[in-house]
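What follows is a short report on a single structure.
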Amino acid sequence: SAHVENDLVNVLFTEAQIQERLGELAARIEDDYAGKDLLIVGILRGAVMVMADMARSFSRHLEMDWMAVSSYGSGTKSSGVVRILKDLDTDISGRHVIIVDEIIDTGLTLSWLTSNLTSRNPASVEICTLLRKPEALQMPVDVKYVGWDIPNEFVVGYGLDYKEQYRNLRDIGTLAPHVYS
Ligand code: PRP
Ligand code: MG
3 SAHVENDLVN VLFTEAQIQE RLGELAARIE DDYAGKDLLI VGILRGAVMV
53 MADMARSFSR HLEMDWMAVS SYGSGTKSSG VVRILKDLDT DISGRHVIIV
103 DEIIDTGLTL SWLTSNLTSR NPASVEICTL LRKPEALQMP VDVKYVGWDI
153 PNEFVVGYGL DYKEQYRNLR DIGTLAPHVY S
């Protein structure tokens, strides 16, 4: 269909639900980091929407930075080897850092990123993800802030892509079967 939202067969989370949940997570983070400086790090490209909306539901000061990473051997992520395409512009030594992503699937990306950032001697590193698939986890990842745990289904929208499309959907959902054929 010409309209991108028509390809969603099942909406899991609406725009309103997502905004409400991000507000709750931001409020918790504000409490937990009261009196501390805070740097949130978004993982390109999927985390763009979460970063933009969550950052704007904070009432405190914070800094934002970005990383882009890629798994070796395009396509398969099973190696767990990650390469940095764009590093932080910020020296995080002594800083309180929260890595922000929109989904944890196998956990390989965030597991690798956590140890990479931890090696830079920050004051702390935590993870905030909008979605997590517990059944898909291959690496243990200690996640402090989770929007929702979801079943091991392929979801798109709100930053999540299928072949680079559907990131611009406001809702998150599953694709109609005709899209894949
Ligand atoms: C996706 C998603 C997470 C990661 C999660 O990013 O945005 O960053 O995979 O998968 P994992 O838990 O199995 O490591 P992707 O590398 O596809 O790039 P993108 O953010 O540009 O879509
Ligand atoms: Mg990503």
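Per the UniProt record's numbering, residue 3 is the first one in the sequence shown, and the count goes up by one each step.
We put the beta carbon where it would ideally sit given N, CA and C, even for glycine.
If you draw a straight line from the Cα of T92 to the Cα of D67, it is about 7 Å long. Shortest Cα-Cα distance from V11 to any of A36, Y182, A178 involves A178. Burial is judged here by how many other beta carbons sit within 10 angstroms of a residue's own beta carbon; E104 has at least 16 and is buried. Put simply, the backbone Cα of A125 is about 21 Å away from that of T111.
Fewer than three Cβ pairs drawn from the segment 169-177 and the segment 117-131 lie within less than 8 Å of each other, which leaves the two stretches out of contact.
From the listed residues D151, L115, I94, the smallest Cα separation to L132 is found for D151.
Boundaries of the alpha helix (DSSP H) harbouring L24: 17-34, taken from the DSSP string. One alpha carbon belongs to E65, the other to V13, and they sit about 32 Å apart.
The continuous stretches of alpha helix (DSSP H) do not include S72, which lies in the beta strand (DSSP E) extending over residues 65-73. Pairing E17 with G25, the inter-Cα distance amounts to about 12 Å. About 28 Å separates the beta carbon of V6 from that of V43, a gap too long to meet the 8 Å contact definition. Taking a 10 Å sphere around the C-beta of F156, we find fewer than 16 other C-beta atoms and assign the residue as exposed.
When secondary structure is reduced to three states using DSSP, N12 falls in the strand class. Linking A4 to K38 through their CA atoms gives a straight-line distance of about 47 Å. Take V148, set aside five residues on each side of it, and the residues of its chain with a beta-carbon closer than 7 Å to its own are T131, R134, in chain order. In the three-state DSSP reduction, D55 falls in the helix class (H, G or I). With contacts defined by Cβ atoms closer than 7 Å, S113 and V71 do not form a contacting pair.
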